[in-house]
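A.B. asks: Have a look at this one.
Residue numbers (the working numbering): -19 to 460.
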């Protein structure tokens, strides 16, 4: 087993240099071309996330921007924020936090582009709602179905199987710390519970997924942020030194682990991407489900999701750990965060964090499942294949509970890098479409209008499948 882990890790170490170059390079390009859309339009992000859903042709309300945001947040806000950040800090040192922040600021521009494209190239599903994502903009925007199929296969394996195994593995780690023992029997019991709950939800479809996510994620994440604020308040005199340590370690001025700058940089970028998913092509699958009046609105909402994930939740975990004087150099996951929180606020927080990790990881599982479902339906309309996929998801959820933590995280890194590469290869040639839509949106905002979009307004964009309804009172009443 150790040999397999070492092999996958070696591949990751080499391959991720290319992935990082793509992520940072395209993120900076999108940032400059949009003139820092992720910063300038922050008020529009906050406005868009609260807008009600547009009405669908069947008279039903579609999925709102917030509910679509909740699906992507369900996948984003999970063990990557608690266990992933802990692993990054323990292996890469405090400087990893700085590079997570940098990746969030750059990645928010990429998230804007990919989710705007997902909206404009979305299609109608059999239930009257919307479905879309990178596979769909590769098909309708680039006219390359083969590329869409490759991406669909990769994301289905990555999220449906590997990432879901990561989530349940972290749940077991947290529960073991909470009860004070590690055993095969405990892992099996936890795996069966999570697998059973997963099966109950994923057979209910996207509306049930979004309904569960929009309740659990804000409540649990909010409670976690409150505890982090309490920890910061109790250690307020140490905060300036903590920031100094983060910056010094980020640039190798003060080494806390072997590898110095390189370790902090690589771990920060990897864990930042695993957590906020900007550029990976996952969040656009959720963003496409929203019934909004303009594609850019959902692009802005998904940029906000990157901030919520990394600048709030990941930072909360980092502060909890760093203010507790952790040991560096030995890989540790959720248990490190639990131990740090316990040292600050008492033993009861170990059990609270187990509760939080359980629910955040569980919502990640069902959010991850939806990404796979959306792409299974891109490849085939067979209900038998979809049911088979659901069964395999449940199996992988259980398998993650009894699997090896180092191997599962190493595989997650590898498939995540491959998926990001395919998605970024499509974003570059299609980014012009996103910026045409952005200019269309800005013109309407400058005129004091609530932006709307009809595909005839930008005829140079081909391949649009929806956005063709009649206007009523200056607005598009039903999209698609």
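Every residue, glycine too, gets a C-beta built ideally from N, C-alpha and C.
#1: Where does residue 460 land, buried or exposed, given buried means 16+ other C-beta within 10 angstroms?
#2: Does the stretch 98 to 109 come close enough to the stretch 258 to 275 that 3 or more CB-CB pairs lie under 8 Å?
#3: Where does residue 103 fall in DSSP's three states?
#4: Residue 69 to residue 48, Cα distance in whole Å?
#5: Just curious, the alpha helix (DSSP H) that residue 376 is in, first and last residue?
#6: Hey, residue 103 and residue 395 are a contact pair by Cβ (cut 8 Å); roughly how many whole angstroms apart?
#7: If you draw a straight line from the alpha carbon of residue 317 to that of residue 31, how long is it in whole angstroms?
#8: In whole angstroms, what separates the C-alpha of residue 26 from that of residue 281?
#9: Could you spell out the range, first to last residue, of the alpha helix (DSSP H) harbouring residue 471?
#10: Residue 75: buried (16+ other C-beta within 10 angstroms of its C-beta) or exposed?
#11: How long is the line joining the alpha carbons of residue 451 and residue 85, rounded to whole angstroms?
#12: Under a Cβ-count criterion, where at least 16 other Cβ atoms within 10 Å of its own Cβ denotes burial, should residue 410 be classed as buried or exposed?
#13: Taking 8 Å as the cut-off, does the stretch 361 to 377 touch the stretch 140 to 147 (at least 3 CB pairs, one atom from each stretch)?
#14: Do the CB positions of residue 401 and residue 6 come within less than 8 Å of each other?
#15: When the Cα of residue 112 is compared with those of 326, 266, 325, which residue comes out closest?
#16: Using the Cα positions of residue 299 and residue 22, report the straight-line distance between them to the nearest angstrom.
#17: Any contact between the stretch 428 to 438 and the stretch 167 to 181? By contact I mean 3 or more CB pairs, one from each, below 8 Å.
#18: Need the endpoints of the alpha helix (DSSP H) that residue -2 sits in, please.
#19: With DSSP as the reference, label residue 271 as helix, strand or coil.
#20: Does the beta-carbon of residue 297 have 16 or more other beta-carbons within 10 angstroms, so that it is buried, or is it exposed?
#21: Take residue 437 and list the residues in its own chain whose beta-carbon comes closer than 7 Å to its own, dropping the five residues that flank it on each side.
#22: Taking just the CA atoms, how far does residue 201 sit from residue 173?
#23: Would you check if the distance between the CB atom of residue 73 and the CB atom of residue 242 is smaller than 8 Å?
#24: For residue 304, which residues of its own chain have a beta-carbon under 7 Å away from its beta-carbon, when the five flanking residues on both sides are left out?
#25: Per DSSP, what are the beta-bridge partners of residue 111 in this structure?
#26: In chain order, what residues of the same chain have a beta carbon less than 6 Å from the beta carbon of residue 291, not counting five sequence neighbours either side?
#27: Just to confirm, are residue 131 and residue 269 a CB contact at a threshold of 8 Å?
#28: Determine the direct distance from the alpha carbon of residue 196 to that of residue 328, and round the result to whole angstroms.
#29: According to DSSP, is residue 429 part of a helix, a strand, or is it coil?
#30: Whole angstroms is fine: what's the gap from residue 408's alpha carbon to residue 219's?
#31: How close, in whole Å, do the beta carbons of residue 356 and residue 372 come, if the pair is a contact with beta carbons under 8 Å?
#32: Taking the straight line between their C-alpha atoms, what separation do you get for residue 19 and residue 10?
#33: Please work out which residues of its chain come closer than 7 Å, Cβ to Cβ, to residue 28, disregarding the five sequence neighbours upstream and downstream, and give them in chain order.
#34: Of the choices 137, 415, 369, 124, whose alpha-carbon is the least far from that of residue 183?
#35: Run through DSSP, which three-state label would residue 437 get?
C.D. replies: The short version:
#1: Low per-residue confidence applies at residue 460: pLDDT is 47, beneath 50, and the placement is therefore not dependable enough to give any value.
#2: yes
#3: strand
#4: 31 Å
#5: 363 to 382
#6: Not a contact, Cβ separation roughly 26 Å.
#7: 36 Å
#8: 8 Å
#9: Beyond the ends of the chain as shown, which are -19 and 460, falls residue 471; an answer cannot be given.
#10: buried
#11: Residue confidence for residue 451 is low, a pLDDT of 42 falling below 50, so the modelled location carries little weight; the figure read from the coordinates is stated next. Cα to Cα, the separation comes out at about 36 Å.
#12: buried
#13: yes
#14: no
#15: 266
#16: 24 Å
#17: no
#18: -18 to 13
#19: coil
#20: buried
#21: 420
#22: 22 Å
#23: no
#24: 320, 323, 324
#25: 103
#26: 84
#27: no
#28: 21 Å
#29: coil
#30: 40 Å
#31: Contact flag wrong, Cβ pair sits at about 11 Å.
#32: 12 Å
#33: 45, 277, 280, 281
#34: 369
#35: helix
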